[in-house]
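See below for the structure under consideration.
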Amino acid sequence: MAEKFKVLIADNLDQEGVDILNNSGLIEVDYRKKTSREELLEIIGNYDGLIIRSASKVDGPVVEKAARLKVVIRAGVGVDNINIPACSQKGIVVMNAPAGNSVSTAEQAIALMFALARKTPQANASMHAKQWEKSKFNGTQLTGKTIGVIGLGRIGKEVVKRAIGLQMRVLGFDPYIPRENLEYLQIELCSIDDIFSQADFITVHTPLTETTANLINRGNLNKLKKGVRLINCARGGIYEEAALAEGIRQGIIAGVGLDVFVEEPPKPDMPLYGIEEAVLTPHLGASTDEAQLEVAKETANSMVEFVKSGVARNSLNFPTFDPAEMGVLQPWFQLCEQVGSFAAQVMKKPLTSLQAEFRGEIVTRNLKPLEIALSKGVLTPALGDEVNLVNAPIFAKDRNLSISSTVVESSASEPSRMKLTLSDGDTTKVVVATADGTGGRIIAINDISVEFKPEGHILYIHNKDVPKVVGELGTLLGDSNVNIGSLQLGRASKGGVALTVISVDDAVPAPVLDKIRAKEYILESKYINL
Ligand code: NAD
Ligand code: MLT
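Quick note: the sequence shown uses our numbering, first residue 7, plus one each step.
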C-alpha cells in the first residue's frame, strides 16, 4: 500500500477539520493543537504537509528543516507568519483559508464600533467595581454618522453591508479594486484624505503592507476629523500605536478599538495599555464557533484536494486552477513539461529563451500554469526533483532563462496548437505541439512535419534526405542491442533536409551516438531522455 501523506496540525483546529483529513483515507494526521518552536524545528522534517493558525511560525529555519514538506496551509487569512519566498524557493506550496472567518471578523469590527460609541467595556468595568457612574458614560449614536472603510475586500465588504444596515453614511477606499466592481455597494468611493477629514469612525480591512503600515501616524494625526474613533481588526501596525495614544491625549481621537497589535501578545509597554479610551481585544476577530468550523473545513478540504489531485486552492505561490478546467488542461500540462524538457536537451548549447505562442480553443483557458509547466520542464534535466511548479519561475529567473507565452487571436474551432521558439543565443528551433484527450504530441520541428510523443528515450536526428538512412541506423542500433520502439520521418523537400525521430527502449550509449554522427548524411544528432 502506498505510504500516506503525513500532515502535522501544529495549532488548534476544529475537530471537524481533523475528521475530514482522517476520513480522506489518504492522509496520516498528527494533531498536536500546540507546538513550541523548538518542537516544530525538531519534527518538521517528518511531514509532507503542515497546517497552522497564527501561533506557529514557518520562518527560514523551519523551512530549512522541512526536508519533505510540500504544502503549508494557514487556517485563516493572514500569512504574515509564513516566509513565502523561502517556501517558494524550496518548492513548498503555501495556501490560506480566507473565506471562513470574514463575517465573524466584520462583526468584531462592528462590535468594537458599538463598544466605542457607547463605552460599554468601561461602563461594565465600573459596574463590576460596584460604581454607578451614569453621567460618565454618555455615548454617541451611530445612525447618521459617517464611517470610512479602508480596504474593500472580503471583510471590508461585510462591514459595509452592516454599516448601511445601521443607517450610517459609508465612505470607502480601496485603490486596487476597479471602481465599477465596487459600485454595487452603493457607498461613496473616495480618497483616503476624504475619509480622514470626514469620518466619525474609521475601520481598516487591508493586509499590513508597505503602503498600509503606519497609515495613521504621528505625522498625519492632524488630518483626522476631531473626535474620530478608530477600529483595527486587520493587522497590528496599520495604525502606529504610539500615534493613537498621542491622538487620544491631544483630544483628536475619541477612542480606539483594537483587536490586533504590532506584537502579539503586546509587551507591557504597549502605548495603549492603561488608556481608558482604548478598547482592546486579544485578536478575537475569528474566534467564534462558526468561523473556526468554517476555516477548519476550508483548510482540510484544500489539503485533501491537494493530496488527491494536486490542485492548490487559494494558493499564494502556485497557479490556482479552476478544477473544472483541470480535465482540459491536464494533457497540456503534461505536454508542456515534456516539451520543455525536450527543448532543454535538443539545442546545441544551453537554452537561453523559450517563447510559447498558443492558438485555437486553448487560448480561452488560463495559460499561466502552462507557462510554469514549460519552465519546470526546461529546468528538470538540470535540476531533477529539486524543481517543481512552485520554484520553477524563480529558478528560471536566477538562471536568466527567459520563458514567456503569448496568444494568437484565433477562432475557437481552430485546433489548439502551441508553437515554441527556442534559442540558445546562437541558433533557434521552432517546435509545434498539440494535445487532446489522447495525450500530447510534437507535430513539427523547423517547419518539417513529424509526429511523435515526447516521452521516454528519443534519438533526434537531422539528416540529408538520402537513401539508406533508415536501414543503416536500424542496423547500427540493432548491433548495439538498442531496440527501436517507433520511427518517424519527415522532410522539408525531396532530397533536402530531413528529420528522423526514433523512439528507443533504453538510453543510447555514447559510442553508438559517435558512430551515428560519423555518417556523412548526419547533420545533427541528439539522444534525449524525457
Ligand atoms: P482581502 O484580501 O479580501 O481584502 C483586503 C483588501 O485590502 C483588498 O481588497 C485590497 O485591495 C485592499 N488594500 C490593500 N492595500 C490597500 C491600501 N493601501 N489601501 C486600501 N485598500 C488596500 O482580505 P480580508 O479577508 O478582507 O482580510 C483583511 C484583513 O483582515 C487582513 O489583514 C487579514 O489578515 C485580517 N484578518 C484579521 C482577522 C482577525 O482575527 N482580526 C481575521 C481575518 C482576517
Ligand atoms: C486571520 O488572519 O485569519 C486572522 O488573524 C484570524 C486568526 O487566525 O486568528
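All residues carry an ideal CB built from backbone N, CA and C; glycine is no exception.
Check: Just how far apart, CA to CA, sit Val475 and Phe458?; Outcome: 19 Å
Check: Quick one: what's Thr412 bridged to in DSSP?; Outcome: Glu363
Check: Should Tyr182 be listed as close to the ligand NAD, given that the test is whether its C-beta is under 8 Å from any heavy atom?; Outcome: yes
Check: Near the ligand MLT, which residues have their beta-carbon less than 6 Å from any of its heavy atoms, given in chain order?; Outcome: Arg59, Ser60, Gly82, Val83, Gly84, Asn107, His289, Gly291 and Ala292
Check: Determine the burial state of Gly106: buried for a count of at least 16 other Cβ atoms within 10 Å of its Cβ, exposed for fewer.; Outcome: buried
Check: Let me check you understand the geometry: is the CB of Leu159 closer than 8 Å to at least one non-hydrogen atom of the ligand NAD?; Outcome: Note that residue 159 is Gly in the sequence shown, not Leu. Gly159 Cβ: within cutoff of the ligand NAD.
Check: Assign Ile467 to one of three DSSP states: helix, strand, or coil.; Outcome: strand
Check: What beta strand (DSSP E) runs, 3 residues minimum, are completely inside the region 434-490?; Outcome: 434-442, 445-451, 454-458 and 463-470
Check: When the Cα of Ala115 is compared with those of Arg241, Ala418 and Thr41, which residue comes out closest?; Outcome: Arg241
Check: For the region 274-283 against the region 245-254, do three or more pairs of beta-carbon atoms, one drawn from each stretch, fall closer than 8 Å, so that the two count as touching?; Outcome: yes
Check: Tell me the residue span of the beta strand (DSSP E) that contains Leu426.; Outcome: Arg423 to Ser429
Check: Helix, strand or coil: which one does DSSP assign to Asn223?; Outcome: coil
Check: Between which two residues does the beta strand (DSSP E) carrying Ser509 extend?; Outcome: Val503 to Val510
Check: In the DSSP assignment, the alpha helix (DSSP H) including Gly178 goes from what residue to what residue?; Outcome: Run containing Gly178: none in the alpha helix (DSSP H); it sits in the beta strand (DSSP E), Arg175 to Phe179.
Check: Quick one: give me the first and last residue of the beta strand (DSSP E) that Met101 is part of.; Outcome: Val99 to Asn102
Check: Measure the Cβ-Cβ separation of Ile244 and Leu221 and say whether it is below 9 Å.; Outcome: yes
Check: Label Gly496 either buried or exposed according to how many other C-beta atoms from any shown protein chain fall within 10 Å of its C-beta, with 16 as the threshold for buried.; Outcome: buried
Check: Checking the sheet assignment: what are the DSSP bridge partners for Ala318?; Outcome: Ala318 pairs with nothing; no bridge assigned.
Check: Report yes if the CB atom of Ser499 is closer than 9 Å to the CB atom of Asp471, and no otherwise.; Outcome: yes
Check: How is Thr358 classed by DSSP in three states: helix, strand or coil?; Outcome: coil
Check: Determine the contact status of Leu519 and Gly462, defining contact as a CB-CB distance below 9 Å.; Outcome: no
Check: CB-CB under 8 Å to Lys231, same chain, minus the five flanking residues each way: which ones, in chain order?; Outcome: Phe202, Ser203, Gln204, Ala205 and Asp206
Check: Shortest alpha-carbon distance to Ala260 belongs to which of Leu250, Phe267, Val266 and Val268?; Outcome: Leu250
Check: Starting from Ile400, follow its DSSP beta bridges and name the residues at the other end.; Outcome: Partner(s): none; Ile400 has no beta bridge.
Check: Could you tell me which whole alpha helix (DSSP H) segments of length 4 or greater appear in the region 235-308?; Outcome: 247-255
Check: Sort Arg235, Ile198 and Gln494 by Cα distance to Thr217 and report the nearest one.; Outcome: Ile198
Check: So what does DSSP say about Lys231, is it helix, strand or coil?; Outcome: coil
Check: Considering only C-alpha positions, which residue in the set Pro67, Glu392, Pro375 and Lys96 is nearest to Ala318?; Outcome: Pro375
Check: Can you give me the start and stop residues for the alpha helix (DSSP H) that Asn52 sits inside?; Outcome: Taken as a continuous stretch (DSSP letters only), Asn52 belongs to no alpha helix (DSSP H), as it is neither H nor E.
Check: Below 8 Å on the Cβ atoms is my guess for Ala402 versus Asp20; work out the distance and round it to an integer in Å.; Outcome: Rounded, the Cβ-Cβ distance is 40 Å, inconsistent with contact.
Check: Enumerate in chain order the residues of its own chain whose CB-to-CB distance from Asn469 is below 7 Å, with the five nearest sequence positions on each side excluded.; Outcome: Val475, Ala504, Thr506, Tyr527, Ile528 and Leu529
Check: Would you say Gly171 touches the ligand NAD, meaning its beta carbon is less than 8 Å from a heavy atom?; Outcome: no
Check: Look at the Cβ atom of Val437, then the Cβ atom of Ile448, and state whether they are nearer than 9 Å.; Outcome: yes
Check: Can you tell which of Met353, Ser411 and Val166 has the C-alpha that lies nearest to the C-alpha of Ala379?; Outcome: Ser411
Check: With a Cβ-Cβ cutoff of 9 Å, do His289 and Ser132 count as a contact?; Outcome: no
Check: Can you grab the Cα-Cα spacing for the pair Arg43 / Ile153, in whole Å?; Outcome: 41 Å
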